[in-house]
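S.K.: Our numbering applies: residue 1 is where the first sequence begins, and numbers increase by one. This structure is in structure tokens; I'll ask about it shortly.
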Amino acid sequence: MTVRVRYAPSPTGEPHVGNIRTALFNWLFARREGGRFIVRIEDTDQTRLVEGSVEKILDGLRWLGLDWDEGPEAGGEYGPYFQSERLPYYHQAVEDLLRSDDAYLCFCSPERLEQVRAEQAARKEPPRYDRHCRDLTDDERREREAQSLIPVVRFKTPLSGQTRFNDLIRGEIVFENAVLDDFVILKSDGFPVYHLASVVDDHVMEITHVMRADEWLPSTPRHVLLYAALDIEPPVFAHMPMIVGPDRAKLSKRHGAVSIGEYSRQGFLQEAMFNFLGLLGWSLDDHTEIISKQQFVENFSLERIGVTAAIFDMEKLTWMNGVYIRQLSAEDLTDRMLPFLDRDLPPSIDRPLDISYVMQITPLIQERLKRLDEAAELTDFFFAGDELPYDLSLLLGKRFAENSAGALAALHAAYVILAEASIWKSETLESFLRPLADKLELKTGDFFGLLRVAVTGRTAAPPLFQTMAALGRDRTLARLDIAAQRLDDSVAAPR
RNA sequence: GGCGCAUUCGUCUAGCGGCCCAGGACACCGCCCUCUCAAGGCGGAGAUCGCGGGUUCGAAUCCCGCAUGCGCUACCA
1 MTVRVRYAPS PTGEPHVGNI RTALFNWLFA RREGGRFIVR IEDTDQTRLV EGSVEKILDG
61 LRWLGLDWDE GPEAGGEYGP YFQSERLPYY HQAVEDLLRS DDAYLCFCSP ERLEQVRAEQ
121 AARKEPPRYD RHCRDLTDDE RREREAQSLI PVVRFKTPLS GQTRFNDLIR GEIVFENAVL
181 DDFVILKSDG FPVYHLASVV DDHVMEITHV MRADEWLPST PRHVLLYAAL DIEPPVFAHM
241 PMIVGPDRAK LSKRHGAVSI GEYSRQGFLQ EAMFNFLGLL GWSLDDHTEI ISKQQFVENF
301 SLERIGVTAA IFDMEKLTWM NGVYIRQLSA EDLTDRMLPF LDRDLPPSID RPLDISYVMQ
361 ITPLIQERLK RLDEAAELTD FFFAGDELPY DLSLLLGKRF AENSAGALAA LHAAYVILAE
421 ASIWKSETLE SFLRPLADKL ELKTGDFFGL LRVAVTGRTA APPLFQTMAA LGRDRTLARL
481 DIAAQRLDDS VAAPR
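Here it is, written out as structure tokens:
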């Protein structure tokens, strides 16, 4: 029997990382086992639909490279893959359950249910449906139908006994039927509730393994009961640990970036995200951190999925992203960086950006870059005009704070020697400037630091000679000249 | 409240009875490299394995209880 697993999101917004991690594990399992990965959209709650979210969910999957064998866009023999288009299946199942007396019509109004719950709460009882309509006589039922009350259908949960199932990750789980209530399976709008729809679909679509988040564990006995009532074989269950926020609560918007799209916009590489997510709740061994997709596919196993909820550690993700960025070729990094530069560089800078120029800059920031959205602030001085907005005190630093004349002389000397340079290459520039530091009796750190501020407007920047080389002769000289002039002006100006 | 699941460095984790007075990674600290910042190398600090009982020659690993956390408890998924 070939493995068939599904990722079944509901289109209620952007998919969050926990959700996508579930998709990832399903995909990994399918690929490892040579099975099929199916995407099914669970859009049975018409009130919660959010326009455009299906596209966002699919984009998220595509971004991570999680291709699906069946589902929206891909099609497949088990379609349709939107539950809203599968109503006849559910209605048939409801009919069967009604006929076999495993379900019943319930005419209770939302108001009554609300009131029942309130009373139960007041008495400190567990809030559950009181089974008011479970044993309605035919007459009573007809009477309500005559009032044109629209019923829901509830499952007739056994009043006693136990429901047990084996979870691949957690072992045997047992529930007392007595603590389960008569849950709704078909809503008054004619749409099924998750429990019914997923059971029916998983069966019809021949899903072999239901791998979903931990939060579903408590409702699994309902599903097991439904399978039994429908007289069909349940799939294998595997409930995986959830991803939680720093406070260990279920991940939500208030924890900051949670949707997969946000990570992409923040400049995380899909490779890094894949690796990081794959390691949240699963491990290859006791020491491997950087794992390629292929390695994941080759080694993935359900046995190595952990049981405890994991906090999403942004710091580690960021580190890992840096590792992946450093592994990229200059061409590849440039391609990926370009959209970010385009988005983040000041509007005053002309577009389109010069790709060959960016290509020269890329290697200079590659090992300083942890997220693609940092590219602009790391490189803006390469694109800015030569009048850089730095403070004179920054230019002078500690070394020249009381010696602006010395700084001026050094700037001049550098200008003069560079102006004569016939070849404008990093090594050449260094071969001129390093001896010059000696001649000026300045420590290289002090001398180069001065030049760095003059050329980049900041104290922390890529290596000086490479920066000058990329910037080009004219702009480098212009910046040295401007720095010297500013110094000169400040000396001449009365305090 | 009821039910369920979980509990190893701050965080992600390794560990499935002796190899563990617990290993790796991120973060943190120090040193080295060095024109700054990074990257890299080396080293350090950091976990009485939630607590209490058992079982066993021997337990982080098995069993029981407790505590704590989280999840579920909808005509949401």
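Just so it is clear, CB atoms sit at the ideal spot from N, CA and C, and this is done for glycine as well. Predicted model, so just to flag it, every value in this text is computed and none were measured.
Run through the DSSP bridge pairs and tell me what Pro192 is partnered with.
M.R.: Leu186, per the DSSP bridge assignment.
S.K.: DSSP three-state call for Ile365: helix, strand or coil?
M.R.: Three-state DSSP puts Ile365 in a helix.
S.K.: Tell whether a beta-carbon distance below 8 angstroms holds between Gln341 and Ala384.
M.R.: In the sequence as displayed, the identity of residue 341 is Leu instead of Gln. Result no, Cβ atoms of Leu341 and Ala384 do not sit closer than 8 angstroms.
S.K.: In terms of residues, what are the limits of the alpha helix (DSSP H) holding Thr379?
M.R.: Run containing Thr379: Ala375 to Phe383, per the alpha helix (DSSP H) assignment.
S.K.: Mapping the DSSP letters down to three states, classify Glu70 as helix, strand or coil.
M.R.: Here Glu70 sits in strand by DSSP.
S.K.: Would you tell me roughly how many angstroms separate the C-alpha atoms of Ala454 and Phe432, rounded to the nearest one?
M.R.: Cα-Cα distance, rounded: 17 angstroms.
S.K.: If distances are taken between C-alpha atoms only, which option among Ala30, Tyr227, Asp231 and Thr12 comes closest to Met1?
M.R.: Among Ala30, Tyr227, Asp231 and Thr12, the Cα nearest to that of Met1 is on Ala30.
S.K.: Thinking C-alpha only, which one of Leu136, Glu172 and Tyr104 is nearest Phe155?
M.R.: Nearest option by C-alpha distance: Tyr104.
S.K.: Using the Cα positions of Arg473 and Leu378, report the straight-line distance between them to the nearest angstrom.
M.R.: Roughly 21 angstroms separates the two Cα atoms.
S.K.: With DSSP run on the structure shown, which of helix, strand or coil describes Ile290?
M.R.: Of the three classes helix, strand and coil, the one that applies to Ile290 here is coil, per DSSP.
S.K.: What's the call for His16, buried or exposed, on a 16-neighbour Cβ count within 10 Å?
M.R.: Buried is the call here.
S.K.: Between the Cα of Leu471 and those of Lys439, Glu402, Gly449 and Thr362, spot the shortest distance and give me the residue it belongs to.
M.R.: Answer by Cα proximity: Thr362.
S.K.: Between Leu302, Leu284 and Glu303, which lies nearest to Gln294 when the distance is taken from Cα to Cα?
M.R.: Checked all of Leu302, Leu284 and Glu303; the closest Cα to Gln294 is Leu284.
S.K.: Identify every residue that forms a DSSP beta bridge with Gln162.
M.R.: Beta-bridge pairing links Gln162 to Glu176.
S.K.: Roughly how many angstroms separate the alpha carbons of Glu143 and Leu87, rounded to a whole number?
M.R.: Their Cα atoms are separated by approximately 28 angstroms.
S.K.: Give the DSSP bridge partners of Met211, in chain order.
M.R.: Paired residues: Ala238.
S.K.: Excluding the 5 residues flanking Asp167 on each side, which residues of the same chain have their C-beta closer than 6 angstroms to its C-beta?
M.R.: Closer than 6 angstroms at Cβ, skipping near neighbours: Ile173, Phe237 and His239.
S.K.: Return the CA-CA distance between Ala483 and Leu411, expressed in angstroms with no decimal places.
M.R.: Ala483 and Leu411: Cα-Cα distance of roughly 8 angstroms.
S.K.: Among Phe25, Arg254, Asp138 and Ile20, which one has its Cα closest to the Cα of Phe300?
M.R.: Of the listed residues, the one whose Cα sits closest to Phe300 is Phe25.
S.K.: First and last residue of the alpha helix (DSSP H) that includes Arg21?
M.R.: Taken as a continuous stretch (DSSP letters only), the alpha helix (DSSP H) holding Arg21 covers Val17 to Arg32.
S.K.: Who does Ala103 pair with in a DSSP beta bridge?
M.R.: Answer is Phe155, bridged to Ala103.
S.K.: Using a Cβ-Cβ cutoff of less than 8 angstroms, which residues in the same chain neighbour Lys370 once the five nearest sequence positions on both sides are dropped?
M.R.: Same-chain partners within the cutoff: Thr318, Trp319, Asn321, Gly322 and Ile325.
S.K.: Please say whether Ile232 and His203 have beta carbons closer to each other than 8 angstroms?
M.R.: Yes, the pair counts as a contact, with Cβ atoms nearer than the cut-off.
S.K.: Can you round the beta-carbon distance between Tyr89 and Val200 to whole angstroms, since I take them to be within the 8 angstroms contact cut?
M.R.: That belief holds up - the Cβ atoms of Tyr89 and Val200 are roughly 5 angstroms apart, short of 8 angstroms.
S.K.: Looking at Thr459: is its Cβ nearer than 8 angstroms to the Cβ of Leu394?
M.R.: Cβ atoms of Thr459 and Leu394: closer than 8 angstroms.
S.K.: Identify, in the order they occur along the chain, each residue of the same chain with its Cβ nearer than 8 angstroms to the Cβ of Glu77, setting aside the five sequence neighbours on each side.
M.R.: Excluding residues within five positions, the ones whose Cβ falls inside 8 angstroms are Glu70.
S.K.: What are the residues that DSSP puts in a beta bridge with Ala310?
M.R.: Bridge partners of Ala310: Ile243.
S.K.: Provide the residue(s) that pair with Tyr357 in DSSP beta bridges, ordered along the chain.
M.R.: Answer is none; Tyr357 lacks a bridge partner.
S.K.: Quickly, what does DSSP pair Val5 with across the bridge? List them, please.
M.R.: Answer by DSSP bridge pairing, in chain order: Phe37 and His209.
S.K.: Taking 8 angstroms as the threshold, find out whether the region 158-167 comes into contact with the region 209-221 through three or more Cβ pairs.
M.R.: Judged by Cβ distances under 8 angstroms, the region 158-167 makes contact with the region 209-221, as three or more pairs qualify.
S.K.: Just to confirm the assignment, what range does the alpha helix (DSSP H) spanning Ser53 have?
M.R.: Looking at the DSSP string, the run of the alpha helix (DSSP H) that includes Ser53 is Ser53 to Leu64.
S.K.: In chain order, what residues of the same chain have a beta carbon less than 7 angstroms from the beta carbon of Asn403, not counting five sequence neighbours either side?
M.R.: Same-chain partners within the cutoff: there are none.
S.K.: Is the beta carbon of Ala310 closer than 8 angstroms to that of Ile243?
M.R.: Cβ distance < 8 angstroms, so Ile243 and Ala310 count as in contact.
S.K.: Among Ala8, Arg399, Pro463 and Thr308, which residue has its Cα nearest to the Cα of Glu427?
M.R.: Checked all of Ala8, Arg399, Pro463 and Thr308; the closest Cα to Glu427 is Pro463.
S.K.: Beta-carbon within less than 6 angstroms of Gly60's beta-carbon, same chain only, minus the 5 sequence neighbours each way: which residues are those?
M.R.: Closer than 6 angstroms at the Cβ level, and outside the excluded window around Gly60, lie Pro15, Ile20 and Ile260.
S.K.: For the ligand ADP, is there any heavy atom lying closer than 7 angstroms to the beta carbon of Asp59?
M.R.: Although the ligand ADP was asked about, the structure shown includes no ligands whatsoever.
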